[in-house]
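My numbering runs 16 ahead of the 1-based position in the sequence shown. For each residue, glycine too, the CB sits at the ideal point set by N, CA and C. These numbers come from a predicted model, not from an experiment.
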Amino acid sequence: MCRVRGDWTLLGITGLDSHQLLQTVGFPRPMTVDKNVHVPPQQKEYDAIVVGSGITGGWAAKELTEKGLDTLVLERGRHVEHGADYVTEHVGPWEQAFRGGGSDQVWEEDYEVQSQWINENVKHFFVKDSEHPYTTTEDSSFAWIRGYQLGGRSITWGRHSYRWSELDFEANARDGIAVDWPIRYEDIAPWYDYVEQFAGISGQEEGLPQLPDGEFLPPMDLNCVEQAVRERWADIYSEPRVLTIGRNAVLTEAHNGRAACHYCGPCWRGCSTGSYFSSLSATLPAARETGNLTVKTDSIVHRVEYDPDTNRATGVRVIDRQTKEERAYSGKIVFLCASAMNSVKILLNSTTPRFPDGLANSSGVLGHYLMDHHYNAGAAATFEGFEDRYYYGRRPNTIYVPRFRNLGSPSTRQSDFIRGYGYQGGAYRPDWHRGADMTGIGADFKEKLRTPAPWRMGITAFGEILPREDNYCELHPERTDQWGIPILRFNASIGDNEKAMRKDMAEQAAEMLEAAGGKNVEPYDSGYQFGEAIHEMGGARMGRDPDTSVLNRWNQAHDVPNLFVTDGACMTSSANQNPSLTYMALTARACDYAVEQLRRDNL
Ligand SMILES: Cc1cc2nc3c(=O)[nH]c(=O)nc-3n(C[C@H](O)[C@H](O)[C@H](O)COP(=O)(O)OP(=O)(O)OC[C@H]3O[C@@H](n4cnc5c(N)ncnc54)[C@H](O)[C@@H]3O)c2cc1C
17 MCRVRGDWTL
27 LGITGLDSHQ
37 LLQTVGFPRP
47 MTVDKNVHVP
57 PQQKEYDAIV
67 VGSGITGGWA
77 AKELTEKGLD
87 TLVLERGRHV
97 EHGADYVTEH
107 VGPWEQAFRG
117 GGSDQVWEED
127 YEVQSQWINE
137 NVKHFFVKDS
147 EHPYTTTEDS
157 SFAWIRGYQL
167 GGRSITWGRH
177 SYRWSELDFE
187 ANARDGIAVD
197 WPIRYEDIAP
207 WYDYVEQFAG
217 ISGQEEGLPQ
227 LPDGEFLPPM
237 DLNCVEQAVR
247 ERWADIYSEP
257 RVLTIGRNAV
267 LTEAHNGRAA
277 CHYCGPCWRG
287 CSTGSYFSSL
297 SATLPAARET
307 GNLTVKTDSI
317 VHRVEYDPDT
327 NRATGVRVID
337 RQTKEERAYS
347 GKIVFLCASA
357 MNSVKILLNS
367 TTPRFPDGLA
377 NSSGVLGHYL
387 MDHHYNAGAA
397 ATFEGFEDRY
407 YYGRRPNTIY
417 VPRFRNLGSP
427 STRQSDFIRG
437 YGYQGGAYRP
447 DWHRGADMTG
457 IGADFKEKLR
467 TPAPWRMGIT
477 AFGEILPRED
487 NYCELHPERT
497 DQWGIPILRF
507 NASIGDNEKA
517 MRKDMAEQAA
527 EMLEAAGGKN
537 VEPYDSGYQF
547 GEAIHEMGGA
557 RMGRDPDTSV
567 LNRWNQAHDV
577 PNLFVTDGAC
587 MTSSANQNPS
597 LTYMALTARA
607 CDYAVEQLRR
617 DNL
């Protein structure tokens with residue numbers, strides 16, 4: 017299995033044996049923050065404290081400040097200036113020591129886990145595993161891919177943005193799995209509209225119940241092979257299997273003061289024209305515009321402070337990333353948006369006599385029911401007959417094939433697994449890099465590389481992972497990081513449902529490409545490591561019953577009314593669609609509710 021560090025990788029990135037890797041990740045000297053030491057808060061009380069400045073923190077900052085709240089955003093990482101700090105944005109491979117590939121020594125020493133995903137051009141937007149350790153239980157592995165800086169992973173995300181459907185919000189209740197979602201599609205639909213209108217999502221309406229249409233900007237184009245495959249599948253499948261262009265938070269026309277994408281290519285190095293949605297290009301500037309925003313970077317929140325007399329969160333405690341000094345801030349409401357696992361970690365670490373197992377954890381489910389999307393199974397094929405066709409520019413997008421399994425109708429029902437998966441991928445003409453796998457030398461060889469290679473098309477599935485209690489994270493009983501904060505220990509694996517689904521993902525991909533006229537069809541399952549899809553979620557799920565869930569239908573802690581968690585920790589099931597659009601909609605919805613409750617003096 018080879019490591020792929022290109023900017024554009026349509027198909028599977030590798031699996032590494034992460035258990036081995038994690039064993040090698042260093043653990044700094046033990047030191048623990050003493051929660052019993054009183055740290056006096058700064059004089060000022062903010063209306064709202066938001067922890068994290070990534071996709072969800074950016075949205076919380078925008079919504080709360082626009083509604084008039086004096087809001088403090090605390091971000092553990094460094095400041096990143098939109099534009100100026102995208103230091104590799106248009107740097108050529110010839111200008112880099114390792115031509116963009118990076119040094120194996122650096123990967124091994126500092127980026128053992130992150131290096132599954134990253135290359136030299138973006139490593140400054142990902143954490144060093146050597147500085148941010150975590151561990152796993154013996155039989156489990158977890159790839160925790162993180163970006164600790166202002167903007168979080170909104171700088172590097174792939175921008176695929178799909179709505180969930182009624183099917184997804186009803187799934188747990190229908191199957192008797194975990195707990196029921198406390199909301200339905202109609203509760204979140206207006207908020208999808210709202211966040212899509214601001215963020216700018218390009219896409220094609222398809223009228224599919226399992227993937228509701230949204231407020232789209234014009235779609236990007238399919239290329240000739242993708243278009244032909246779309247038409248062929250429309251002809252041959254009676255239950256529709258639709259190939260559509262990815263719905264993507266990249267602007268196809270100027271929108272909200274941001275420029276249209278000019279297809280230059282390396283989005284995840286940072287986009288100084290602001291043509292894709294990030295906290296730095298969109299939500300934080302909007303929040304700043306209100307005059308109600310204070311941002312403090314280098315501020316690692318390790319505890320939410322709690323007053324048992326009022327049963328309210330009173331603020332947070334922070335360790336300065338650089339000086340390691342401790343500070344405290346107070347606020348009327350607290351929004352945890354630190355990314356799913358980090359918000360869970362903060363709650364687990366916020367123990368009090370009333371909540372000895374973590375703040376707002378009277379249910380005991382905090383840390384449990386972790387999910388991700390399992391992927392790296394699909395197929396690739398060659399397509400003949402389009403040799404005189406090519407494409408222009410570097411489309412920052414893939415195709416999408418929405419779920420077609422277990423949709424309710426008998427012909428989609430599967431006997432060996434429940435739920436489903438969607439494919440991403442695309443058709444392309446392999447470029448001169450293919451020369452690395454070819455034999456030859458000299459002028460003849462170079463000439464061969466001047467002729468475009470035959471068209472290839474690949475699709476890889478993202479499948480739903482069921483919420484299971486035994487997929488969990490917890491605070492390590494002894495190990496702490498360099499700031500004295502306990503590190504996380506994960507126990508996570510996929511179960512029989514996912515394994516059966518993976519077989520179908522590869523088989524169906526091969527069958528569908530062949531049915532569309534593909535030759536040399538190669539199905540694959542390259543293995544999957546939990547977390548690898550970078551859609552980690554769960555741990556503080558929403559639910560109707562305080563005895564079995566942490567958050568209510570407004571992302572508000574059942575136990576502590578002025579505490580909200582709106583990142584992926586809140587998810588009750590995972591569906592199969594990329595999740596960030598849903599996090600955005602839930603965050604905006606929760607902010608609206610929180611501000612209303614604050615005004616009514618209910619918090
Ligand atoms: C390469 C890549 C591709 C992806 N592609 C897609 C995609 O196509 N579609 C999709 O839906 N999702 C995608 N994702 C996932 C997406 O990035 C996340 O779902 C999303 O960023 C989650 O938002 P968040 O606000 O919860 O977390 P983040 O964006 O990670 O932000 C969390 C922030 O909180 C800060 N923080 C953490 N702990 C603390 C603390 N203790 N104190 C203070 N601050 C803290 C972090 O430094 C960070 O800035 C991708 C991710 C990556 C890396």
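DSSP, read as helix, strand or coil, puts residue 448 in helix. Within the segment 479-511, the complete beta strand (DSSP E) segments of 3 residues or longer fall at 488-496, 502-507, listed in chain order. The DSSP-derived three-state label of residue 326 is coil.
When the beta-carbon positions are compared, residue 488 and residue 384 come within less than 8 Å of each other.
Residue side-chain check: residue 362 places its Cβ nearer than 7 Å to a non-hydrogen atom of ligand 1.
In terms of Cβ geometry, residue 611 and residue 351 do not form a close pair [threshold 8 Å]. Per DSSP, reduced to three states, the secondary structure at residue 529 is helical.
Spatial neighbours of residue 514 in its own chain (CB-CB distance under 7 Å, excluding positions within 5 residues in sequence) are listed in chain order as 390, 479, 481.
With contacts defined by Cβ atoms closer than 8 Å, residue 349 and residue 90 do not form a contacting pair.
The segment 177-189 makes no contact with the segment 532-540: fewer than 3 CB pairs, one atom from each, lie closer than 8 Å. Excluding the 5 residues flanking it on each side, residue 410 has same chain C-beta neighbours closer than 6 Å at 279, 281, in chain order. Note that the C-beta distance between residue 555 and residue 386 is below 8 Å. In this structure, DSSP gives residue 300 a helical state, which the three-state scheme calls helix. Shortest Cα-Cα distance from residue 270 to any of 324, 217, 243 involves 217. Close CB contacts of residue 294 within its chain, under the 7 Å cut and outside five residues either way in sequence, are with 167, 170, 171 (chain order).
At a cut-off of 4 residues, the continuous stretches assigned as alpha helix (DSSP H) that sit fully inside the segment 511-570 are 512-531. Of the candidates 105, 154, 433, 68, 68 places its Cα closest to the Cα of residue 93. Distance check between residue 324 and each of 376, 234, 339, 276 places 376 closest, using alpha-carbon atoms only. With a cut-off of 8 Å on Cβ pairs, the segment 434-450 is in contact with the segment 468-479, counting three or more such pairs.
Rounded to whole angstroms, the gap between the alpha carbons of residue 78 and residue 316 is 21 Å. If the five residues before and after residue 123 are omitted, its C-beta is found closer than 7 Å to the C-beta atoms of 131, all from its own chain and listed in chain order. Check the Cα spacing between residue 162 and each of 581, 569, 133, 176: the tightest is with 133.
Judged by the Cβ position, residue 408 fails to qualify as a neighbour of ligand 1 at the 7 Å threshold, every heavy atom of the ligand being at least this far. When the five nearest sequence neighbours on each side are left out, the beta carbons in the same chain lying within less than 6 Å of the beta carbon of residue 311 are those of 89, in order along the chain.
Straight across, the Cα-Cα distance linking residue 335 with residue 373 is about 22 Å.
In the three-state scheme derived from DSSP, where H, G and I count as helix and E and B as strand, residue 338 is classed as coil.
Relative to ligand 1, residue 583 has its C-beta within less than 7 Å of a heavy atom. Close CB contacts of residue 64 within its chain, under the 6 Å cut and outside five residues either way in sequence, are with 80, 85, 87, 347, 349 (chain order).
Residue environment analysis places residue 290 among the buried positions, since at least 16 neighbouring C-beta atoms fall within 10 angstroms of its C-beta. The way I'd put it, the segment 231-245 doesn't touch the segment 194-207; fewer than three beta-carbon pairs between them come closer than 8 Å.
Residue 389 is bridged by DSSP to 480.
For residue 67, the enclosing beta strand (DSSP E) stretches over residues 61-67. The three-state secondary structure of residue 321, taken from DSSP, is strand. DSSP places residue 142 in the coil class of the three-state scheme, outside both helix and strand.
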